[in-house]
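Residue numbers (my numbering): 11 to 1097.
This is the structure we're talking about:
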């Protein structure tokens, strides 16, 4: 098709298989190829694929037919190869199809493969002495297109060594031989012998071919020489007989008359024209001449009739082809086409119309399966067209719940001035309408972006006249669009800058490229501001400059910020020297110390000249050289160092425990390290004292003859901590009493004592005494009633309220039974208990205060650190993406290291926050239903880079099909990711496997690895906070000791549990068990 380049091609393969390929332009603008298989039932769609770039309008046959008025034969040219046939030589017979006005609509063509002609010539060669060939003659030379010896049918030049006859034959053709269409004979001498060539060009109207027959002269003469004797005898015999016959006929007068009569009878009959010899007497000669003239005229007329008959047959055949083509167009056209007779009944329906409305030949629109209003509209349009009117319009119909839009036209069919029917065409323009709507919405969004963008957008003509001016430009310069439009752009340029701006403008128009620059501009109120401009030259379809589009940003504040940054760097250098934290700056590549502050020199008891200009190893500041090697190894691997513990050796005195951190900084062209040293000696002493205090308190509580408790100030006495003495005192384990898991403690108190205890406790709190003690009865699990003595104290909160009680309860049943005998002993015991309880309360208060301060410190510092860390991550991402300018490879690497370290630290801070929330009871649980397979897939995706880097095999699966669970998806993901991350981190070689399955109403997740394993003596310490079971492993694999502790806390929150099985140096398996339905805090039902 001329307008769209669409193309339909029916191909036949050598095995007689056929297919139809359509190159279509869809309403959406997409070009596709649809391939149909040809079957007995018709065309069957085989596949649809993207357009391969083929455009028939660029091919030779189309170009030649475009300028022709009738059928044309193309010259031989290579056909495009595809999966059915290779690239071969062929010719095309093309017919241009034009409209009534003579405009080209498209081209019909038939392709002929020259390989078939070569095979025909090869099969027609009778022996080795003769053969035929076909050449295409042109002004530029001759091309051999068919020859018995050509296997692929590809064209060869006339000078091809394929046949020695071709060069001389081509020379004769170039000299004009055979141009008149007559027979061309040629005698050619070759190395094999003399060849005789007879050739003739095809008649006008056919392809420009020359057909030649080649014979071997020697072989032909050899046959003649073998029959020479017989030929002479035959010639002599025939000659004698002819003389005798001629002499005898000369004396017979009736012979010419008889010949004339026979010829006349033949002319009247079916034997055709027969001429009479003009000889004999004068009268017979004249009669013969007259007869011959008449016979020749009759023969000429007969031939004319025969030619007319052939032309008529050809026209009938062509008409049949056109009708078949028209039917194919109707059947396969991408539009709906129909025709109706004068009664309004369908006489023709295209395939698309049949698919939508059903078969309707001989029916009216009202009889089709159409909505009544649509059928009535169709019928009305047909009636108007039958009345002689051309009707067109657009309709919208509901199809499958969606609206479809059609553009249609119906015109009358006139024959001899009479309307004999109507022809209609309907085109589905739904996609176009949607595209138009989408374009309109896109234009609206673009308009809103231009109006609301913070960047000024200004369009200029080539002479710098303002053509458009958006609101952001008005905000930058203070000039409204009405004031700016039509003015020369120099009105916003200071006088001193205008010459430079003119030069930049001329260079921009000359190079026609994008341009970015900074310059100063004037605002309406006379202020001078610094602006950053992005200019793009606009070109038309002829590559001519039609204008410039510019983006402008006021960067005055940014430039001021850069100046402030320089000042900040100067302040940093001052702060570095005056910092109370020991710091040094060393060169990364060789470790040379470039600077050290006074606190560091004081810490290592050295002078500046002893340190600066030397490496830390040369300066002798490390307690162990192995520590420095580990320090450098960690830096090489991670690019930074965070809170690692080492020991430094001062020049005098004991070694100093320090916490070391190192970060990469760039100073000029050198990559350096900023290393900080925090004295950790006092903290280690405090930690040791705290551990000893905790061990003493734990031992004391475990050996007291009774139960130590901490409970809420409510009527149920909800226990939050119970010592092991509860088992002997009440018969219930601490786990059963804590958080009222089995029963609340108030239900153990004798009913007669229960209200009294509550009143006395509240009275003690109200009076400000806070401490209380009393005796009462409880019911043991065995049913026995026992007397107990309790000593407690209220814990006052910061706001003055009391929410927690702590105390000690002991069994005094025996004392009650023998009170008189052991009164003194009990009083002594009471004093000791009061003393110990006071010590315990004081220690517990100190521990609670330390715990509270720790939680507040962690929460405050975590929040304070997350804000700059998020900024670091965000700005490093901007730098990494090149939004602030291009980066070299080393800069990209360093930025990646900064971003990775910040994310690692952010993850650690988030863990600390989660732990703080859990311990403070502020952790929220969001229960939802989800599949664990998705969680396992996300974990695997997160760990994929680390797994690939370590060369491990990693796999995850759900045993027994999909596993669904009601729980907090984020916390479940956090637990599994933590366990899997540990498995990958502690596995040097082998594999890591994560599995999940449903078991008896619970969900079990196993994380199994082939890593370093865990020693049996370390398993009890595995889930403690801030602890790693092996100090050497911590140095090799890093970690804070929070991960497993946080996992256990999260699982407690979700109602789950975790166990571990491990064989040292063989691997570990962590098993997490979760309820299928997790209850929210307070016993709420699962969502």
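Note that the Cβ used here is the ideal one computed from N, Cα and C, for glycine as well.
- Contact between residue 1083 and residue 1012 holds: CB atoms are separated by about 5 Å, below the 8 Å threshold.
- Closest by C-alpha distance to residue 790, out of 814, 741, 819, 820, is 741.
- Taking residue 516 as reference, the option from 539, 558, 495 with the minimal CA-CA separation is 558.
- Between the alpha carbons of residue 900 and residue 512 lies a gap of roughly 39 Å.
- In this structure the segment 434-452 lies against the segment 408-425, because at least three pairs of beta carbons, one per stretch, are closer than 8 Å.
- Contact between the segment 1016-1035 and the segment 985-997 is present, with at least three C-beta pairs closer than 8 Å.
- As the crow flies, the alpha-carbon of residue 867 is around 20 Å from that of residue 591.
- Closest option to residue 760, judged by alpha-carbon separation, among 13, 1074, 447, 785: 785.
- Three or more beta-carbon pairs separated by less than 8 Å link the segment 15-35 to the segment 59-68, which places the two stretches in contact.
- The beta carbon of residue 518 is closer than 8 Å to those of 525, 545, 547, 558 in its chain, skipping five residues each way along the sequence.
- Around residue 912, the same chain offers 879, 882, 883 as residues with beta carbons nearer than 6 Å, after the five sequence neighbours per side are excluded.
- A Cβ-Cβ distance of about 6 Å is found for the pair residue 952 and residue 987, placing them in contact under the 8 Å criterion.
- DSSP links residue 729 through a beta bridge to 721, 748.
- Secondary structure note for residue 795: its beta strand (DSSP E) is the uninterrupted segment 795-806.
- Under the DSSP assignment, residue 980 falls in the alpha helix (DSSP H) whose first and last residues are 979-995.
- Counting the other Cβ atoms within 10 Å of the Cβ of residue 623 gives fewer than 16, which makes it exposed.
- Taking residue 31 as reference, the option from 90, 58, 52 with the minimal CA-CA separation is 58.
- Contact check for residue 670 and residue 647: beta-carbon distance about 16 Å, past the 8 Å limit, so the pair fails to qualify.
- In the DSSP assignment, residue 885 is bridged to no other residue.
- Shown here, residue 78 sits in coil according to DSSP, grouped into three states, outside any helix or strand.
- Uninterrupted alpha helix (DSSP H) stretches at least 4 residues long and entirely within the segment 83-143 occur at 124-134, given in chain order.
- One thing to note: residue 489 has its Cβ within 8 Å of the Cβ of residue 534.
- For residue 955, the three-state secondary structure derived from DSSP is helix.
- Residue pairing for residue 1087: DSSP places it in a beta bridge opposite 976.
- Here DSSP, grouped into helix, strand and coil, assigns residue 310 to helix.
- With fewer than three CB-CB distances shorter than 8 Å, the segment 796-813 does not count as touching the segment 696-711.
- Take the alpha-carbon of residue 160 and the one of residue 318: they are about 39 Å apart.
- For residue 145, the number of other beta carbons within 10 angstroms of its own is at least 16, and it is reported as buried.
- One alpha carbon belongs to residue 567, the other to residue 594, and they sit about 34 Å apart.
- Contact between the segment 717-730 and the segment 686-705 is absent: fewer than three C-beta pairs spanning the two stretches fall below 8 Å.
- Under the three-state reduction of DSSP, residue 199 is assigned to strand.
- Linking residue 75 to residue 82 through their CA atoms gives a straight-line distance of about 6 Å.
- Exposed is the label assigned to residue 556, since fewer than 16 other Cβ atoms lie within 10 Å of its Cβ.
- Taken in chain order, the whole alpha helix (DSSP H) runs of length 4 or more contained in the segment 382-424 are 382-396.
- Following the DSSP letters along the chain, one finds residue 474 in no alpha helix (DSSP H), marked with neither H nor E.
- Distance from the CA of residue 695 to the CA of residue 666, rounded to the nearest whole angstrom, comes to 12 Å.
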